[in-house]
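Written below as structure tokens is the structure these notes are about.
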Amino acid sequence: MARAKSKTSIDTKFAIYYRSGDIRDDYESYVLGKFNTLQRFSDEYSAIAKKIIAEELGYENNTTMVMYKMDDKARKILELDMEFDKSLPLCSEVLIRLDLEDSSLEEVAKVLMDAHKAFLENNCNFTEYSLYGEKDDTHVSVYGITPKYIESGELINLLKEAKDNEGVDGIYIFIKEENK
Numbered sequence: 002m003a004r005a006k007s008k009t010s011i012d013t014k015f016a017i018y019y020r021s022g023d024i025r026d027d028y029e030s031y032v033l034g035k036f037n038t039l040q041r042f043s044d045e046y047s048a049i050a051k052k053i054i055a056e057e058l059g060y061e062n063n064t065t066m067v068m069y070k071m072d073d074k075a076r077k078i079l080e081l082d083m084e085f086d087k088s089l090p091l092c093s094e095v096l097i098r099l100d101l102e103d104s105s106l107e108e109v110a111k112v113l114m115d116a117h118k119a120f121l122e123n124n125c126n127f128t129e130y131s132l133y134g135e136k137d138d139t140h141v142s143v144y145g146i147t148p149k150y151i152e153s154g155e156l157i158n159l160l161k162e163a164k165d166n167e168g169v170d171g172i173y174i175f176i177k178e179e180n181k
């Protein structure tokens, strides 16, 4: 495998493969399919989100990531080498990973609400939130939280219902407690 990279285009880079006399590359998906552009945007937005979680919520040791959904709408909006703009109307999920001292559903709800508020204050809009927290041998994972759920005033009840019923309305919770 060899890698090709443009000196003038940040998003033009792809792999070239050779096997048994056959040459192929991933130019179409990575460059023309705008995978590189979307990945660059994810990296840039992740750095912003990570900084907000550290500075606004006080979780210095976090590995928050932003992932975009690649669909036809995204392909139409994205342009090769375009500047990152967090206001682009793309579906994005933020995955907040941090050391969580308290893995109760109340604390999980508080972190999600505080994060949502901090993101909105910094003009960051996400279509979905996920949270992964751990401390020692206790782990909590929450997936499928939308801004609508956070803003409903019923987040803690939704989390409890999702935990008790192995998911509800696309919300899933997994908690592994120490020695259990």
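Here our numbering is used: the first residue of the sequence shown is 2, the next is one more, and so on. Beta carbons are placed, not taken as given, at the ideal position from N, Cα and C, and that holds for glycine.
H140 and A3 have their C-alpha atoms some 40 Å from each other. Between A75 and L91 the beta-carbon gap is near 5 Å, inside 8 Å, which marks them as a contact. Assignment of N63 by DSSP, reduced to helix, strand and coil, places it in the strand class.
D23 is not a Cβ neighbour of I17, given a cutoff of 8 Å. The beta-bridge partner set that DSSP reports for L99 consists of N63 and G134.
Boundaries of the alpha helix (DSSP H) around K161: L156 to D165. Just measuring C-alpha positions, the residue of A50, A5 and L106 sitting nearest A119 is A50.
K6 sits in a strand when the DSSP states are folded into three classes.
DSSP places T147 outside any beta strand (DSSP E), giving it a letter other than H or E. Within the model, the alpha-carbon separation for P148 versus K8 is close to 40 Å. Here I97 really is in contact with I54; their C-beta atoms are around 6 Å apart, less than 8 Å. DSSP places F127 outside both helix and strand once states are collapsed to three, so it counts as coil.
Non-local C-beta neighbours of K177 in its own chain, meaning closer than 6 Å and more than five positions away in sequence, comprise H140, ordered along the chain.
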